[in-house]
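Working notes for the structure below.
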Amino acid sequence: MAHMEPVNNKPAVSQFLQQAVLIKQGAEARVYRGRFLGKSAIIKERFQKLYRHPALDEKLTRRRTAQEVRSILRCRKAGIDAPVIYFVDYTTNCIFLEEIIDSVTVREHIASAQASGQSVEALYGLADTIGKILAKMHDEDVVHGDLTTSNILLVKGKEGRDGKLVLIDFGLSYISALPEDKGVDMYVLEKAFLSTHPNTEALFERLLKSYTASSKKAPAVIKKLDEVRLRGRKRSMVG
Amino acid sequence: MHLTQDLELFPEHSVTQLLFSDVRNCAELRKMAVEGQIPGALINPSMVLDPFQTLAAANKAVHLQKNGKMKTRSLYSEIIFSLSPTNNISEAFKRFGISDGDNAVLIVLVHNREDVLDKDDIVSNVDGQQIPADQMSTICDIAKIKKLYKVTPQEEKCGSVLDAVICRMAAKDVV
Numbered sequence: 001m002a003h004m005e006p007v008n009n010k011p012a013v014s015q016f017l018q019q020a021v022l023i024k025q026g027a028e029a030r031v032y033r034g035r036f037l038g039k040s041a042i043i044k045e046r047f048q049k050l051y052r053h054p055a056l057d058e059k060l061t062r063r064r065t066a067q068e069v070r071s072i073l074r075c076r077k078a079g080i081d082a083p084v085i086y087f088v089d090y091t092t093n094c095i096f097l098e099e100i101i102d103s104v105t106v107r108e109h110i111a112s113a114q115a116s117g118q119s120v121e122a123l124y125g126l127a128d129t130i131g132k133i134l135a136k137m138h139d140e141d142v143v144h145g146d147l148t149t150s151n152i153l154l155v156k157g158k159e160g161r162d163g164k165l166v167l168i169d170f171g172l173s174y175i176s177a178l179p180e181d182k183g184v185d186m187y188v189l190e191k192a193f194l195s196t197h198p199n200t201e202a203l204f205e206r207l208l209k210s211y212t213a214s215s216k217k218a219p220a221v222i223k224k225l226d227e228v229r230l231r232g233r234k235r236s237m238v239g
Numbered sequence: 001m002h003l004t005q006d007l008e009l010f011p012e013h014s015v016t017q018l019l020f021s022d023v024r025n026c027a028e029l030r031k032m033a034v035e036g037q038i039p040g041a042l043i044n045p046s047m048v049l050d051p052f053q054t055l056a057a058a059n060k061a062v063h064l065q066k067n068g069k070m071k072t073r074s075l076y077s078e079i080i081f082s083l084s085p086t087n088n089i090s091e092a093f094k095r096f097g098i099s100d101g102d103n104a105v106l107i108v109l110v111h112n113r114e115d116v117l118d119k120d121d122i123v124s125n126v127d128g129q130q131i132p133a134d135q136m137s138t139i140c141d142i143a144k145i146k147k148l149y150k151v152t153p154q155e156e157k158c159g160s161v162l163d164a165v166i167c168r169m170a171a172k173d174v175v
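So the protein lines, in turn, are chains A and B.
Going by full-length UniProt numbering, the first sequence runs without a break in its numbering and finishes at 239.
Going by full-length UniProt numbering, the second sequence runs without a break in its numbering and finishes at 175.
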C-alpha cells in the first residue's frame, strides 16, 4: 500500500472526467455526470483560463471553488435545499455534487406551463415559494450572484405531495449583508426572469411580494432594487 | 459480511469494510495498528452512520496521499482524520479512532482491486463477532454524531443526517 505509483502523471480526477459525460459547458466551468462511490453525481470542473495570468487564474479559480462550497454549506445549514457536496478536489478545482434526480429547472417548468396554455395564476404558488426561499437565503447573507430560473430546480413531489425547490450553481456567490448586494441579486433575477419568460410581469411581482413578506430585512433590499433598476447592475460607472 | 466498493476516481483501488461487535481485544488491536501490523484504519463505529461516510473519508485520504497533501502520517490515520469535521488531529483520533475499552470496531482497508485480500488474517486478529458491515446504522450513536458534526434541526428538513455529515467532511478545508 505504501508504494502506489501513479499510472501516469495526469491527476486521477482529470482521467476520471474523460470517461464522464459532459452535460454543460459554460464560461467558468464544465459540468459532467458520473458516478461517485456508487452514487450518481454531478461534477463541476473549473478549467484553466489561458487568457488570464496563471497566478491570478489559480487564485480566482480556487477562491470561487471554495466560495461555492461555503455557500452551499451555509444554505443547507439554514434549511435551504442545495446539492450535497460529496468531495472537493482543490488541485483540479472540481466539486463532486449530489445529482438532483427527478427534477426540472424552474425555467422548463414555467415554459411548459405557458406552452400548455395554463394561466399565470397557476404558477403563483411557485412564485411564492421562490420568494420565500430567496428571502431566507438573503437572511443568511448568502448572495447567489447568478439567480436565474435555470439555477432553481423543481423536484417533483412523490405521491401527490408538494415538490421542493433546490438552488444550484453557487459559482458566483459570496457572503454579504449589504442590501445593495442583495438588491443586485434580485435585479439579476428580474432581468433573467422577464427576458426568458415573456408576459410574466405579474408573476415576478408576486415573487417579490412573497420575498418582501418573508423577511424583516427585505424592504431595504427592495428599496435598493428600485435604485438598481434606474442605474443598472454596476454601482460605479467605471469598468 | 464485508462490503467492498471500487473508487471510481482511483480505479486501481478498492475499499473494504469489516464490522465487528462484542470485541474484547480493542487495546491489543489498537497496539497492532499503531505498530503497522494491521493494514487498515480502525474506526469507532458509533460515529459512523453509513458505509458511505467511511467511503468518502477513504476516497479523500487516497486522493490526498496521491497528491502528497496528507495532514497525518499514514493513509489509515488520514482516513480517520478525514471523518472529522474539524482540523484537529488528536481530537479526530479520540472521536473516530478506537479506544482500549471499546466493544465494537470498524476496519477500513484500502487495497488494489485485483489483489485477493487476506481478510481471514485480519478477522482472526479480532476477538469478536463479525456482523454485516451495513449494520453500522444500528450501532451508531446518532445523538453523538449530530452533536459532534453540529447538525442543525433546520438542516434535517432539507436532507438526511448523513447528507449533513458528508457536507461537513467535504467542506472542512474551507470553513
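Ideal Cβ placement from N, Cα and C applies to all residues, glycine included.
With DSSP as the reference, identify every bridge partner of A/His53, one or two as the case may be. BP columns for A/His53 are empty, so no partner.
B/Leu7, DSSP secondary structure in three states: coil
Give me the Cβ distance between A/Ala113 and A/Leu123, rounded to the nearest whole Å; I'm assuming they're in contact under 8 Å. 6 Å
Less than 9 Å between the C-beta atoms of B/Pro45 and B/Leu19, yes or no? yes
Considering only the alpha carbon of each residue, which of B/Lys66, B/Gly36 and B/Met47 lies closest to B/His13? B/Lys66
For the stretch 59 to 116 of chain A, list the beta strand (DSSP E) runs that are entirely contained and at least 3 residues long, ordered along the chain. 85 to 89, 94 to 98 and 103 to 105
Could you compute how far the alpha carbon of A/Pro198 sits from the alpha carbon of A/Val31? 28 Å
Host alpha helix (DSSP H) of A/Tyr32 (start-end): Premise fails: A/Tyr32 lies in the beta strand (DSSP E), Arg30 to Phe36, not in any alpha helix (DSSP H).
Would you tell me roughly how many angstroms separate the C-alpha atoms of B/Val105 and B/Ala61, rounded to the nearest one? CA-CA distance, B/Val105 to B/Ala61, rounds to 20 Å.
If you follow the alpha helix (DSSP H) that B/Gln65 is part of, which residue opens it and which one closes it? Pro51 to Lys66
Taking 9 Å as the cut-off, decide whether the C-beta atoms of B/Val123 and B/Ala41 are in contact. Going by C-beta atoms, B/Val123 is not nearer than 9 Å to B/Ala41.
My understanding is that B/Ala56 touches B/Met169, with C-beta atoms under 8 Å, so please give their C-beta distance in whole angstroms. 6 Å between Cβ atoms; contact.
Would you call the stretch 204 to 212 of chain A and the stretch 64 to 83 of chain A touching, i.e. three or more CB-CB distances under 8 Å? no
Does DSSP put A/Ala2 in a helix, in a strand, or in coil? With a pLDDT of only 49 at A/Ala2, under the threshold of 50, the placement of this residue in the model should not be trusted; the figure read from the coordinates follows. If DSSP states are grouped into helix, strand and coil, A/Ala2 belongs with coil.
Can you tell me where the alpha helix (DSSP H) with A/His138 in it begins and where it stops? Tyr124 to Asp139
Counting only the same chain and skipping the five closest in sequence on each side, list residues whose C-beta sits under 7 Å from that of B/Thr48. The sequence given here has Val at residue 48 of chain B, not Thr. Same-chain partners within the cutoff: Thr54, Leu106, Met136 and Cys140.
Whose C-alpha, out of A/Ser119, A/Glu180, A/Val221 and A/Phe36, is nearest the C-alpha of A/Tyr86? A/Phe36
Stretch-stretch touch, CB-based, cutoff 8 Å, three pairs: the stretch 179 to 195 of chain A with the stretch 145 to 156 of chain A: yes
Could you confirm whether any beta carbon from chain B is found closer than 9 Å to the beta carbon of A/His87? As written in the sequence, residue 87 of chain A is Phe, which differs from the His given in the question. So, interface residue.
To the nearest whole angstrom, what separates the beta carbons of B/Gln154 and B/Asp22, a pair I think is in contact under 8 Å? About 38 Å; that fails the 8 Å criterion.
Would you kindly check if the distance between the Cβ of A/Arg33 and the Cβ of A/Glu99 is under 9 Å? yes
Between A/Ala200 and A/Val120, which are expected to be in contact by the criterion C-beta below 8 Å, what is the C-beta distance as a whole number of angstroms? It should be pointed out that residue 200 of chain A corresponds to Thr in this sequence rather than to Ala. Right, their Cβ atoms sit about 7 Å apart.
Relative to the C-alpha of A/Ser150, which candidate in A/Arg107, A/Thr129, A/Ser173 and A/Leu172 has its C-alpha closest? A/Arg107
Residue interval of the beta strand (DSSP E) (run including B/Val23): Counting along the chain, B/Val23 sits inside no beta strand (DSSP E), nor does DSSP assign it H or E at all.
Just curious, the beta strand (DSSP E) that A/Ile23 is in, first and last residue? Val21 to Gln25
Provide the residue span of the beta strand (DSSP E) that contains B/Ile79, from first to last. Per DSSP, B/Ile79 belongs to no beta strand (DSSP E); it is in the alpha helix (DSSP H), Leu75 to Leu83.
Which chain B residues are close to residue 241 of chain A, counting only those with a beta carbon under 8 Å from its beta carbon? There is simply no residue 241 of chain A to check, as chain A begins at 1 and stops at 239 in what is shown.
Using DSSP with H/G/I as helix, E/B as strand and the rest coil, what is A/Leu167? Of the three classes helix, strand and coil, the one that applies to A/Leu167 here is strand, per DSSP.
Might you give, ordered along the chain, the residues of its own chain that have their beta carbon closer than 8 Å to the beta carbon of A/Ala2, omitting 5 neighbours on each side? Low per-residue confidence applies at A/Ala2: pLDDT is 49, beneath 50, and the placement is therefore not dependable, though the value from the model is reported in the following sentence. Same-chain partners within the cutoff: there are none.
Extent of the continuous beta strand (DSSP E) to which A/His43 belongs: Reading the sequence as shown, one finds Ile at residue 43 of chain A and not His. Note, A/Ile43: beta strand (DSSP E), Lys39 to Glu45.
Distance, A/Lys182 Cα to A/Thr196 Cα: Approximately 21 Å, taken between the alpha carbons.
For a test of the three-state rule: what should DSSP assign to B/Thr72, helix, strand or coil? coil
For a test of the three-state rule: what should DSSP assign to B/Gly101, helix, strand or coil? coil
Excluding the 5 residues flanking A/Pro6 on each side, which residues of the same chain have their C-beta closer than 8 Å to its C-beta? Because A/Pro6 carries a pLDDT of 47, less than 50, the predicted location of this residue cannot be relied on, and the following value inherits that uncertainty. The answer, listed in chain order, is Ala12.
Along the chain, where does the beta strand (DSSP E) containing A/Leu203 start, and where does it finish? From DSSP, A/Leu203 is part of no beta strand (DSSP E) but of the alpha helix (DSSP H) over Glu201 to Ser214.
Does the Cβ-Cβ distance between B/Arg24 and B/Asp127 come in under 9 Å? yes
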